[in-house]
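Since the structure comes first, as structure tokens, the remarks are kept for the end.
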Amino acid sequence: MAQQDHVLDPLAVTASGPRSGAAYLRRNCPCCGNAPPAQPEVRTAITADTLGFDELTPQWNGFFKEGKSIFSYVRCTGCGLLYAPVFFDNEQLGRLYAQMPPNMDEVPLPALRATQRGYFEALKRHSALKGGFIEVGPDVGLFTENCVREGQFDEYWLLEPNRAVEGALRQVVNGRKHHIVHDMFGFKDIPEKAASAAVMIHVLDHLLDPVETLRQIRRTLTPGSTLVIVTHDESSLLRQVIGSRWPAFCLQHPQIYNPKSIRKLMDAAGFEVKEVSKTVNHFEVKFLLKHLLWALGFKPKKVPSFANAVVGLKLGNMLTVATPRGAA
5 MAQQDHVLDP
15 LAVTASGPRS
25 GAAYLRRNCP
35 CCGNAPPAQP
45 EVRTAITADT
55 LGFDELTPQW
65 NGFFKEGKSI
75 FSYVRCTGCG
85 LLYAPVFFDN
95 EQLGRLYAQM
105 PPNMDEVPLP
115 ALRATQRGYF
125 EALKRHSALK
135 GGFIEVGPDV
145 GLFTENCVRE
155 GQFDEYWLLE
165 PNRAVEGALR
175 QVVNGRKHHI
185 VHDMFGFKDI
195 PEKAASAAVM
205 IHVLDHLLDP
215 VETLRQIRRT
225 LTPGSTLVIV
235 THDESSLLRQ
245 VIGSRWPAFC
255 LQHPQIYNPK
265 SIRKLMDAAG
275 FEVKEVSKTV
285 NHFEVKFLLK
295 HLLWALGFKP
305 KKVPSFANAV
315 VGLKLGNMLT
325 VATPRGAA
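Adding 4 to a residue's 1-based position in the sequence shown gives its number in our numbering.
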């Protein structure tokens with residue numbers, strides 16, 4: 005999935021980087037609107053707002069970068085959300101996402117499928133798997149293929165701006181009534197109360213205005229429908245252990261959630277949370293070891309293959325299940 009459009013904070017103004025003169029977005033808390041506190045909670049030695057856009061572009065792709073710079077994160081004094089008050093603007097984000105390589109291209113397909121299967125099991129616990137289905141950012145459809153295989157959804161809306169994966173998506177929903185919308189925010193193309201289930205996997209972390217996006221999704225959902233969201237969890241043990249070197253602290257995430265702040269965000273958008281739980285992600289052992297060493301500052305040329313063994317671990321992601329509250 006490659007997000008290529010973002011919703012601007014309507015209260016945002018621009019700030020100039022002191023070294024380069026590059027203009028970046030300045031914003032209040034995207035959940036409650038409070039002004040940011042003066043002191044950051046997470047920062048790097050060289051902060052991104054002191055660098056020019058062209059200097060930051062090489063650091064954009066990938067989570068593991070030596071000597072990386074990030075926009076500093078502050079903790080909102082109102083709702084507790086950890087967010088970057090200075091960040092890329094819409095135009096800059098569009099340019100950055102347009103040049104991204106495929107996500108997680110180092111992770112083998114069976115491991116990706118196993119991870120997505122775990123997310124689908126959460127949807128099964130809360131949904132009858134009937135009616136309309138929406139996925140925002142489905143990429144090649146690894147989650148949706150579970151819905152096609154085991155669900156009884158009668159119509160699919162797949163919001164995926166990356167046209168390169170359209171063929172793969174159409175194969176997944178072949179024979180089912182479907183709409184592939186090449187706009188991450190193409191909710192206007194979905195009728196009101198058309199869907200009984202919606203899914204957003206590692207999308208909410210990337211949005212400049214997550215509350216407005218969730219409100220738009222809410223308009224498309226029936227009463228009693230199910231929304232499943234997967235995000236990073238900044239309260240995870242891994243984050244506590246490695247601090248600012250945690251991979252999710254990167255140039256792609258304007259805010260990062262924890263169980264309390266995701267509940268406040270969902271409430272602000274008009275949703276009632278049914279479940280917040282840690283997720284299991286599947287990786288090859290050699291992938292985990294390589295990137296753990298990178299996060300700790302080591303750059304080995306080779307790591308053992310461990311016979312390509314795959315393990316499932318709870319490594320800092322969380323899953324949120326919610327339902328619309330009242331009328332949209």
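Cβ coordinates follow ideal geometry from the N, Cα and C atoms, glycine included. Nothing here was measured: the structure is a model prediction, and the numbers come from that model.
When DSSP states are grouped into helix, strand and coil, E216 belongs to the helix group. About 6 Å separates the CB atoms of N285 and L319; that is less than 8 Å, so the two are in contact. Collapsing the DSSP output to three states places A27 in a strand. Fully contained in the stretch 89-151 are the following alpha helix (DSSP H) runs of length 4 or more, in chain order: 94-102, 113-130.
The shortest C-alpha to C-alpha distance from R243 to any of K72, G37, V46, C36 is the one to V46.
Taking a contact as a CB-CB distance under 8 Å, the pair G145 and V176 counts as one, their CB atoms being some 4 Å apart.
Nearest neighbour of D187 by Cα position, chosen from T327, L162, L133, turns out to be L162. Secondary structure at I194: coil, using DSSP grouped into helix, strand and coil. Sequence-distant Cβ neighbours of E196 in its own chain, meaning closer than 6 Å and more than five residues away, are R223.
Between F157 and S248, the alpha-carbon positions lie close to 42 Å from each other. In this structure, DSSP gives S265 a helical state, which the three-state scheme calls helix.
Three or more pairs of CB atoms, one per stretch, sit closer than 8 Å, so the stretch 32-49 contacts the stretch 72-91. For A272 and C36, the gap between their C-alpha atoms comes out near 8 Å. Under the DSSP assignment, T61 falls outside any beta strand (DSSP E), being part of the alpha helix (DSSP H) whose first and last residues are 57-64. Assigned with DSSP and collapsed to three states, S248 falls in helix. As DSSP reads the structure, D237 sits in a beta bridge with Y261. M188 carries a coil assignment under DSSP once its states are collapsed to helix, strand and coil.
The DSSP-derived three-state label of L208 is helix.
Under the criterion of beta carbons closer than 8 Å, F189 and T217 qualify as touching, at roughly 7 Å. Here P214 is actually not in contact with L173; their C-beta atoms are around 24 Å apart, not less than 8 Å. Nearest to V207 by C-alpha distance, out of A201, W250, E170, P258, is P258. Secondary structure of E45 (DSSP, three-state): coil. V284 carries a coil assignment under DSSP once its states are collapsed to helix, strand and coil. By the Cβ neighbour-count rule, K134 is exposed, with fewer than 16 other Cβ atoms within 10 Å of its own. Annotated as distal: I138 and A88, with beta-carbon spacing of 7 Å or more. Here A168 carries a helix assignment [DSSP, helix/strand/coil].
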